[in-house]
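K.L.:
Order-wise, the sequence lines are chains A and B. First residue of the first sequence: 272, per the numbering used here; consecutive thereafter. First residue of the second sequence: 643, per the numbering used here; consecutive thereafter.
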Amino acid sequence: MQRMIGTQIILQALVDQGVEVIFGYPGGAVLPIYDEIFKQNRLRHILVRQEAGAVHAAEGYARSTGRVGTVLVTSGPGATNAVTGLADAFMDSTPLVCLTGQVATHMIGNDAFQEADTVGITRPCTKHNYLVKDVDDLARVMHEAFFVARSGRPGPVVVDLPKDIQLAEGTYTPSDNSTHRTYCPRVEGDSVQVERAVDLISNASRPIIYAGGGVVNSGPRASELLVELVNMTGYPVTTTVMGLGSYPGTDAKCLGMLGMHGTYEANLAMAHCDVMVAVGARFDDRVTGRLDAFSKGSKKIHIDIDPSSINKNVPVDVPIIGDVGNVLGQINTLLKQRLSNSDPRKLDQWWERIEEWRSRNCLAYQKSDSVIKPQFALERLYQHIKDLDVYITTEVGQHQMWAAQFLKFDAPNRWMTSGGLGTMGYGLPAAMGAQIAHPSSLVIDVAGEASVLMNIQELSTIVQYRLPVKVFILNNEYMGMVRQWQEILHGGRYAESYVDALPDFVKLAESFGAVGLRAEKPAEVDAVIEEMLNLDRPVIVDCRVDKKENCFPMIPSGAAHYDMILGLDDESPEGTDQGLALV
Amino acid sequence: MEEEKKHRHTISVLVDNEAGVLARVIGLFAGRGYNIESLTVAEVDEIEHLSRITIVTSGTPMVVEQIKAQLDRLVPVHAVGDLNMSGPHIERELALIKVSGSGDARVESLRIADIFRARVVDSTTKSFVFEMTGSAEKLNAFIALMKPLGLVEVARAGVVAISRGVDST
Chain A
272 MQRMIGTQII LQALVDQGVE VIFGYPGGAV LPIYDEIFKQ NRLRHILVRQ
322 EAGAVHAAEG YARSTGRVGT VLVTSGPGAT NAVTGLADAF MDSTPLVCLT
372 GQVATHMIGN DAFQEADTVG ITRPCTKHNY LVKDVDDLAR VMHEAFFVAR
422 SGRPGPVVVD LPKDIQLAEG TYTPSDNSTH RTYCPRVEGD SVQVERAVDL
472 ISNASRPIIY AGGGVVNSGP RASELLVELV NMTGYPVTTT VMGLGSYPGT
522 DAKCLGMLGM HGTYEANLAM AHCDVMVAVG ARFDDRVTGR LDAFSKGSKK
572 IHIDIDPSSI NKNVPVDVPI IGDVGNVLGQ INTLLKQRLS NSDPRKLDQW
622 WERIEEWRSR NCLAYQKSDS VIKPQFALER LYQHIKDLDV YITTEVGQHQ
672 MWAAQFLKFD APNRWMTSGG LGTMGYGLPA AMGAQIAHPS SLVIDVAGEA
722 SVLMNIQELS TIVQYRLPVK VFILNNEYMG MVRQWQEILH GGRYAESYVD
772 ALPDFVKLAE SFGAVGLRAE KPAEVDAVIE EMLNLDRPVI VDCRVDKKEN
822 CFPMIPSGAA HYDMILGLDD ESPEGTDQGL ALV
Chain B
643 MEEEKKHRHT ISVLVDNEAG VLARVIGLFA GRGYNIESLT VAEVDEIEHL
693 SRITIVTSGT PMVVEQIKAQ LDRLVPVHAV GDLNMSGPHI ERELALIKVS
743 GSGDARVESL RIADIFRARV VDSTTKSFVF EMTGSAEKLN AFIALMKPLG
793 LVEVARAGVV AISRGVDST
């Protein structure tokens, strides 16, 4: 028990929680905290250029390390600018603590300068939030915020800090990290359900494992156990966009990503399986397609730490609430005893069917010598980076889906993308955060020219901190995914999806103090990638790709998940009319 | 998709009595499109600062399961009970009913109030305020009878509920 000023309590709590880096932007309501930051050297502050950048950077930091990302912004506009990032972290279960300044307690509700109802605004897009009205609650709330952010299904937590509380004297209490009065997520799976799951798993003849971001969030041990499970059973694995890397993408048992732009073999295997093992995945609409047609003949096992994910969209037969790592451990232990006398050839027929689907080669595209196909650019990029220590972030759109299809990840925490919220502008600041966490690793933001402009100001931060982030822009001058939907669903009427007057990205890079490179012909792509990788500086590559290339395969919205369009010559599946109303 | 049948559920939520907790619960219902038919809230434990929120909602079994899971993952929530799933329970509602009139109608309202065991808690020469507790159906029946007799206005507290027997809700 120690008497301290509020700002000292805040800093002490951050240090006690193991925070090393905080992403932020100063302002009137957080000046006392910044003053305290100025006086110490235990915490490193990264000054962003806009608060959204701070939150996405903290997301990149959190997801590439498995630690809680920390953000500090001022009241009012500082907090409202952070909202998109908070909503993004909420959807993608990213652990964050965001400290927001607030006007003094006696001013709250008076429409004071730079006042916003931050807890009101952020309530639906955070896991939890606090307004600290008594300095003696401050230490407890700070510790609780970190506990809540990282426990159970991780998520963002906001702590709103009125200026008078920052300056008041109070008592510091060290953290009691282990428990919470009310919030105690279940981590061990129920043994009866685990037993039932093992029964289903050991008797399946057409099984599939459907792994999601929960495997990554559970930690590297969960991925090891997933690999162990696959090695024991010989089951095929497909991963969600959030789950890429949770199982080695280069392994033959991996069918790649599933869902709207997933592989043909992954979606067909999901449709025709008899036992589906959903591991830390949430049956998102991008995965299921039309719900009443989703994998009708299968028994479904669902492992998830969040009970509200179970039976939300798809009713399951065996729900197991618990941490993926723990539950997989329980399942594997039981399976080891069961499988010793099973027939190793019993999945042969199933694998034959899968190989047949795989032989459709659904990611094939029309090669060209004259224009750079975006898929080609990513294939080449992958060839150059596959053996390197690399972290990839993306923006949102076609380039994101191509990156998910063409880049392979053999380990978790290497791939960071805005999966749930689909936030354009995520990738550049997220890459910045990942690079802060891994200063000597290669960090690449695979970007589209439209998305990257949404948070381009963070290039200034990247240059300030000498972060050698690489931005690989697939520049087609369109909001590519919007244009693709307009082509397929809206009769080719490209309403407002073409961006006139784009910047010259090479000059833009130079103006910020970064390096700009350009590739305009397929023959130039390799040299440009090599040059980018050889530079120990921030680089923007303006890769001018085919303007009208579409991302296939595609399950049009409203269609069943086995009704994939493999290319424009393909017949459109039924049901797209209702799909028009769907996102 | 076949339309699943909606059922009425009375859900009892024990929460920390802290600022914003009701907004969290109501915001969850509004944001996720769940239905609220009745809502009551009051502190039930002064020492531990606990409040009980009783919500009457309706939905398909899948939606009701979602509602409970979503409520349970709110940080200040201690316990979520579904009174329709955990055996027999008692539901009560309180209403204050103002009726004005004279002559036969006035006498008649008092007579019906007696039958319904409603108490007169305020009286003028032209009006009564009746206090009544009971099931929502009983209250509805009484209010319907008061309409032709000079019903002025009604204030209702919403449903409170508790499980029967020795176990906690």
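Where a beta carbon is used, it is the ideal one built from N, C-alpha and C, also for glycine.
Along chain E, which residues have their Cβ under 9 Å away from the Cβ of B/G701?
P.N.:
The structure shown has no chain E; the protein chains it does contain are A and B.
K.L.:
Answer yes or no: do B/G776 and B/V741 have a C-beta to C-beta separation smaller than 8 Å?
P.N.:
Along the second sequence, read from residue 1 onward, the residue named residue 776 of chain B stands at position 134. Along the second sequence, read from residue 1 onward, the residue named residue 741 of chain B stands at position 99. Cβ distance not < 8 Å, so B/G776 and B/V741 don't count as in contact.
K.L.:
Kindly indicate which residue of A/P793, A/A794, A/K792 and A/V777 has the alpha-carbon position closest to the one of A/V786.
P.N.:
Walking along the first sequence from the start, residue 786 of chain A turns up at place 515. Considering only alpha carbons, the answer is A/V777.
K.L.:
Under 8 Å by Cβ, that's how I've got A/A540 and A/I472 pegged, so tell me the actual separation to the nearest angstrom.
P.N.:
Here the question's residue 540 of chain A lines up with position 269 in the first sequence. Here the question's residue 472 of chain A lines up with position 201 in the first sequence. In fact, because the Cβ distance is near 16 Å, the residues do not count as touching under 8 Å.
K.L.:
What residues from the segment 716–727 of chain B come within 7 Å of chain A, judged by C-beta to C-beta, listed N to C?
P.N.:
Within the segment 716–727 of chain B, the residues whose Cβ lies closer than 7 Å to some Cβ of chain A are V717, P718, V719 and H720, listed in chain order.
K.L.:
Could you name the residues of chain A that B/E779 contacts, counting a contact when the two beta carbons are closer than 9 Å?
P.N.:
By 1-based counting over the second sequence, the position of residue 779 of chain B is 137. The premise fails here: B/E779 is roughly 32 Å from chain A at the closest Cβ pair, so nothing lies under 9 Å.
K.L.:
Check the Cβ of A/S579 against every Cβ in chain B and list those closer than 8 Å, keeping chain order.
P.N.:
The residue you call residue 579 of chain A lines up with position 308 of the first sequence. The answer, in chain order, is Q708, A711, Q712, D714 and R715.
K.L.:
Establish whether the CB of B/G669 and some CB of chain A are separated by less than 8 Å.
P.N.:
Position 27 of the second sequence, counted from the start, is the residue given in the question as residue 669 of chain B. With 8 Å as the cut-off, B/G669 counts as an interface residue toward chain A.
K.L.:
If you follow the beta strand (DSSP E) that A/L314 is in, where does it begin and where does it stop?
P.N.:
Mapped onto the first sequence, residue 314 of chain A falls at position 43. Counting along the chain, A/L314 falls outside any beta strand (DSSP E), and DSSP gives it neither H nor E.
K.L.:
Using a threshold of 8 Å, state whether the C-beta atoms of A/I643 and A/K792 are closer than that.
P.N.:
For the purposes of this step, residue 643 of chain A is taken as the residue at position 372 of the first sequence. For the purposes of this step, residue 792 of chain A is taken as the residue at position 521 of the first sequence. In this structure, A/K792 lies closer than 8 Å to A/I643 by Cβ.
K.L.:
Verify the CB distance criterion: does A/L367 have a CB-CB separation below 8 Å to chain B?
P.N.:
Here residue 367 of chain A refers to the residue found at position 96 of the first sequence. Closer than 8 Å: no.
K.L.:
Bridge partners for A/W686 per DSSP, in chain order?
P.N.:
By 1-based counting over the first sequence, the position of residue 686 of chain A is 415. A/I663.
K.L.:
Please state the DSSP three-state secondary structure of A/I281.
P.N.:
Counting from one through the first sequence, the residue named residue 281 of chain A turns up at place 10. If DSSP states are grouped into helix, strand and coil, A/I281 belongs with the helices.
K.L.:
Do you know whose CA, among A/E623, A/R651, A/G349 and A/G719, lies nearest A/T694's CA?
P.N.:
Locating residue 694 of chain A in the first sequence gives position 423, where the first residue counts as 1. Measuring from the Cα of A/T694, the nearest candidate turns out to be A/G719.
K.L.:
Alpha carbon to alpha carbon, how far is A/V390 from A/L402?
P.N.:
Mapped onto the first sequence, residue 390 of chain A falls at position 119. Mapped onto the first sequence, residue 402 of chain A falls at position 131. Taking the straight line joining both Cα atoms gives about 7 Å.
K.L.:
Would A/S517 pass as a contact of A/A482 if the rule is Cβ separation under 8 Å?
P.N.:
Taking the first sequence and counting its residues from 1, one reaches residue 517 of chain A at position 246. Taking the first sequence and counting its residues from 1, one reaches residue 482 of chain A at position 211. Yes; because the gap between Cβ atoms is below 8 Å, this pair is in contact.
K.L.:
Taking only beta-carbon atoms, is A/K819 less than 8 Å away from chain B?
P.N.:
Locating residue 819 of chain A in the first sequence gives position 548, counting from the first residue. With 8 Å as the cut-off, A/K819 does not count as an interface residue toward chain B.
K.L.:
CA-CA distance, A/Q273 and A/G704?
P.N.:
For the purposes of this step, residue 273 of chain A is taken as residue 2 along the first sequence, with counting starting at 1. For the purposes of this step, residue 704 of chain A is taken as residue 433 along the first sequence, with counting starting at 1. Going by the C-alpha atoms only, they are around 33 Å apart.
K.L.:
8 Å is my cut-off, CB to CB: does B/G675 come that close to chain A?
P.N.:
Against the second sequence, residue 675 of chain B aligns to sequence position 33. Not one chain A Cβ lies under 8 Å of B/G675.
K.L.:
List the DSSP bridge partners of B/M774.
P.N.:
Residue 774 of chain B sits at position 132 when you count from the first residue of the second sequence. Partner(s): B/A737.
K.L.:
Taking 8 Å as the CB-CB limit, is B/G662 close to chain A?
P.N.:
Walking along the second sequence from the start, residue 662 of chain B turns up at place 20. Yes - at least one Cβ of chain A is within 8 Å of the one on B/G662.
K.L.:
Which residue from A/G838, A/P824 and A/G850 puts its Cα closest to that of A/Y535?
P.N.:
The residue given as residue 535 of chain A occupies position 264 in the first sequence. Of the candidates A/G838, A/P824 and A/G850, the one whose C-alpha sits nearest the C-alpha of A/Y535 is A/P824.
K.L.:
Taking a cut of 9 Å between CB atoms, which residues from the segment 402–426 of chain A lie near chain B?
P.N.:
Listed in sequence order: L402, K404, E415, V419, G423 and R424.
K.L.:
Are the C-beta atoms of A/P586 and some chain B residue less than 8 Å apart?
P.N.:
In the first sequence, the residue the question calls residue 586 of chain A occupies position 315. Yes, A/P586 counts as interfacial toward chain B.
K.L.:
Are the beta-carbon atoms belonging to B/N726 and B/G701 less than 8 Å from one another?
P.N.:
As a first step, residue 726 of chain B must be located in the second sequence, where it is residue number 84. As a first step, residue 701 of chain B must be located in the second sequence, where it is residue number 59. No, the pair does not count as a contact, with Cβ atoms beyond the cut-off.
K.L.:
Go ahead and label B/A684 buried or exposed: buried means 16 or more other beta carbons lie within 10 angstroms of its beta carbon, across all protein chains shown.
P.N.:
The residue you call residue 684 of chain B lines up with position 42 of the second sequence. Exposed, since its Cβ has fewer than 16 Cβ neighbours within 10 Å.
K.L.:
Take every Cβ of the segment 348–356 of chain A, pair it with every Cβ of the segment 310–326 of chain A, and state whether three or more of those distances are shorter than 8 Å.
P.N.:
Yes: the two stretches touch, three or more of their Cβ pairs being nearer than 8 Å.
K.L.:
For A/L773, I'd like the list of residues in its chain whose CB is within less than 7 Å of its CB, leaving aside the five on either flank, ordered along the chain.
P.N.:
Working through the first sequence from its first residue, we reach residue 773 of chain A at position 502. Once the five neighbours on either side are set aside, the close Cβ partners of A/L773 are E720 and E748.
K.L.:
Counting Cβ pairs, one atom from each stretch, are 3 or more of them under 8 Å apart for the segment 488–503 of chain A and the segment 627–644 of chain A?
P.N.:
No: fewer than three Cβ pairs fall under 8 Å.
K.L.:
Span of the alpha helix (DSSP H) holding A/K653?
P.N.:
Sequence index remark: in the first sequence, residue 653 of chain A carries index 382 (1-based). Rather than Lys, the amino acid found at residue 653 of chain A in this sequence is Tyr. Looking at the DSSP string, the run of the alpha helix (DSSP H) that includes A/Y653 is P645 to I656.
K.L.:
How about the segment 746–754 of chain B and the segment 790–807 of chain B: do they share at least three Cβ pairs that are nearer than 8 Å?
P.N.:
Touching, per the Cβ criterion.
K.L.:
Going by DSSP, what residue range makes up the beta strand (DSSP E) through A/M275?
P.N.:
As a first step, residue 275 of chain A must be located in the first sequence, where it is residue number 4. Residues Q273 to I276.
K.L.:
Which value, in whole angstroms, describes the spacing of the CA atoms of A/C455 and A/V419?
P.N.:
On the first sequence, position 184 is the one that residue 455 of chain A refers to. On the first sequence, position 148 is the one that residue 419 of chain A refers to. Cα to Cα, A/C455 sits roughly 9 Å from A/V419.
K.L.:
CA-CA distance, A/S462 and B/R759?
P.N.:
Numbered from 1 along the first sequence, position 191 holds the residue referred to as residue 462 of chain A. Numbered from 1 along the second sequence, position 117 holds the residue referred to as residue 759 of chain B. If I take the Cα positions, the gap works out to 53 Å.
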